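K.L.:
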Amino acid sequence: MATTYTVAVLGAGKRGKMHAKLFSQNDRFRLVGLCDMNEERLQAAAPECGHPPLYTDAQKMLAETQPDIFCFCTPPALRKGLFQLGIDAGVKLIALEKPLSTNSAEAQEIFDMAEKVGVKFVVSHQQKYGDHYQAVKKIVDSGKLGRIQSVYGHTWGWYLHMVTHAMDYIRWYAGNPEAEWVSGTVHGRGKLDDNHPSPEYAGGFIQFANGVRGIIETGALSPDVPESEYEWHKGRFVVQGTEGFAEIIIGAGWRACTKADGYQEGPGCFDYEIDGARYIADIALWLDGTKVHPCNGADTLKGFQMAMALLRSAAENRIVPLPLTAGENEQDALRRVLPD
Ligand SMILES: NC(=O)c1ccc[n+]([C@@H]2O[C@H](COP(=O)([O-])OP(=O)(O)OC[C@H]3O[C@@H](n4cnc5c(N)ncnc54)[C@H](O)[C@@H]3O)[C@@H](O)[C@H]2O)c1
6 MATTYTVAVL GAGKRGKMHA KLFSQNDRFR LVGLCDMNEE RLQAAAPECG HPPLYTDAQK
66 MLAETQPDIF CFCTPPALRK GLFQLGIDAG VKLIALEKPL STNSAEAQEI FDMAEKVGVK
126 FVVSHQQKYG DHYQAVKKIV DSGKLGRIQS VYGHTWGWYL HMVTHAMDYI RWYAGNPEAE
186 WVSGTVHGRG KLDDNHPSPE YAGGFIQFAN GVRGIIETGA LSPDVPESEY EWHKGRFVVQ
246 GTEGFAEIII GAGWRACTKA DGYQEGPGCF DYEIDGARYI ADIALWLDGT KVHPCNGADT
306 LKGFQMAMAL LRSAAENRIV PLPLTAGENE QDALRRVLPD
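In the working numbering, the protein residues as written are 6 to 345.
(1) Given a threshold of 16 other Cβ atoms within 10 Å of its Cβ, counted over all protein chains shown, does Val-122 qualify as buried or as exposed?
(2) Indicate the three-state DSSP secondary structure (helix, strand or coil) for Ser-155 in the structure shown.
(3) With which residues is Arg-46 paired in a DSSP beta bridge?
(4) In angstroms with no decimal places, state the Cα-to-Cα distance between Leu-90 and Leu-36.
(5) Quick check: what's the CA-CA separation for Val-187 versus Gly-158?
(6) By Cβ distance below 8 Å, which residues in the same chain neighbour Phe-309 in space, the five residues on each side in sequence not counted?
(7) DSSP on Phe-88, reduced to helix/strand/coil?
(8) Along the chain, where does the beta strand (DSSP E) that runs through His-192 open and close?
(9) Does Glu-222 come out as helix, strand or coil in the three-state DSSP assignment?
(10) Please report the residue range of the alpha helix (DSSP H) in which Glu-69 lies.
(11) So, at 6 Å on beta carbons, what are the nonlocal neighbours of Val-156 in its own chain, with the 5 sequence-adjacent residues on each side left out?
(12) Give the straight-line distance between the Cα atoms of Gly-86 and Asn-301, rounded to the nearest whole angstrom.
(13) So the beta strand (DSSP E) Ile-74 belongs to, where does it begin and stop?
(14) Is there contact here, the region 188–206 with the region 258–266, by at least three beta-carbon pairs under 8 Å?
(15) Taking Leu-101 and Lys-125 to be in contact with their CB atoms under 8 Å, please state how far apart those CB atoms are, rounded to whole angstroms.
(16) With which residues is Leu-98 paired in a DSSP beta bridge?
(17) Pull up the distance between the alpha-carbon of Arg-333 and that of Ile-221, whole angstroms please.
(18) Out of Thr-61, Thr-8 and Lys-142, point me to the one whose CA is closest to Leu-15's CA.
(19) Output the distance between the C-alpha atoms of Tyr-134 and Val-128, rounded to the nearest integer angstrom.
(20) Please work out which residues of its chain come closer than 6 Å, Cβ to Cβ, to Cys-40, disregarding the five sequence neighbours upstream and downstream, and give them in chain order.
(21) Using the Cα positions of Ile-74 and Glu-185, report the straight-line distance between them to the nearest angstrom.
(22) Alpha carbon to alpha carbon, how far is Trp-163 from Met-6?
(23) Let's test the definition: count the other Cβ atoms within 10 Å of the Cβ of Thr-295 and tell me whether it reaches 16, buried, or not, exposed.
(24) Which residue comes first and which comes last in the beta strand (DSSP E) that contains Arg-241?
(25) What are the boundary residues of the beta strand (DSSP E) that includes Arg-35?
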């Protein structure tokens, strides 16, 4: 019989509540605890995820429940300390929300902490489980686009909200190659004090080792996507090859045109429940040892480094080679260079 994995979730905000609910609905998991220091949120979330034991202290929850999985869904400033709590509690896997961090040094530290003790981790880049993302991936992998030349991703949401999704999907469509260098430009201080501190707009180029060029734009000056009404769905990923192209629109399906099959299109829309349920199902398979999770920590770190390299490139007016080496904290660099 398949193993049932126990899960403790920290955060009963929008994302924590969703994770807790999806874990509670999948019979490969048993939700053994839900924690939030905000009791009102905690009580409101409980009925949606099967009334698990409730906690207001994460350490207490982990000590009492000894879960296999610690899932935490908190704002980006709260990462390393919570990651350490999970390691100290002896969990097998940590599932955290994107972004991995706000800066490259902490992201690397988190990755190294996990490596040292052999804890797996996944980061919630779950959009790629959507039917439209998967349809385009299937066309890319079929070879019908010929040699892939570029992957262009643009989103309206601001940088630390959307860039780690975008870098992850650009790299995924490119075939998960190593990135050789990143070049970037940034604009606007308006979001620097947000809890996802970001430039208002960022654009850049990524050169992958397999020859694919990544192109990215996120934030206020990114192109409109008239096919989607909702601002967080105004994003697109376009894969261009020598034999055709294929693209997804975050809120409005996919389309493709290839020499072999002509014009094609299909539905699909970013959906927290559908995409999240698939992301969570793969956590059990990774723990079973039958499938590496597509949102695993190693791939996440590579996408995150691409995002931080873009900021450094903009701050230092140079192309930044990857993998990243130690350097100025990217948030400090933004504060230093963005004009008032
Ligand atoms: N993957 C996605 O598609 C997606 C979508 C939206 C947001 N996110 C990410 O999810 C993360 C969380 O977003 P959110 O909107 O759920 O945030 P939120 O602020 O609404 O919720 C966080 C909750 O954590 C609780 N909390 C924080 N620290 C705690 C602690 N030490 N002990 C107990 N409780 C604590 C807070 O009280 C709050 O209720 C962010 O990093 C965000 O970028 C991901």
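We treat Cβ as the ideally placed atom computed from N, Cα and C, and that holds for glycine. None of the values given here were measured: they were computed from a predicted structure.
P.N.:
With the given structure in hand:
(1) exposed
(2) Strand.
(3) As far as DSSP is concerned, Arg-46 takes part in no beta bridge.
(4) 18 Å
(5) The alpha-carbon atoms of Val-187 and Gly-158 are separated by roughly 15 Å.
(6) Pro-104, Leu-105, Ser-106, Ser-109, Ala-112, Thr-169 and Met-172
(7) helix
(8) In the DSSP annotation of this structure, the continuous segment of the beta strand (DSSP E) that includes His-192 starts and ends at 184–192.
(9) strand
(10) 63–70
(11) Once the five neighbours on either side are set aside, the close Cβ partners of Val-156 are Ile-175, Tyr-178, Ala-179, Gly-219 and Val-244.
(12) 20 Å
(13) 74–77
(14) no
(15) Actually they are not in contact, since the Cβ atoms of Leu-101 and Lys-125 sit about 12 Å apart, beyond 8 Å.
(16) Ile-74 and Lys-125
(17) For the sequence presented, residue 333 should be read as Glu rather than Arg. The straight-line gap from Cα to Cα measures roughly 23 Å.
(18) Thr-61
(19) 13 Å
(20) Only residues of its own chain outside the window of five on either side were considered, and among them Leu-15, Tyr-60, Ala-63 and Met-66 have a CB closer than 6 Å to the CB of Cys-40, listed in chain order.
(21) 34 Å
(22) 45 Å
(23) exposed
(24) 240–246
(25) It spans 34–40 - the beta strand (DSSP E) in which Arg-35 sits, taken as one unbroken run.
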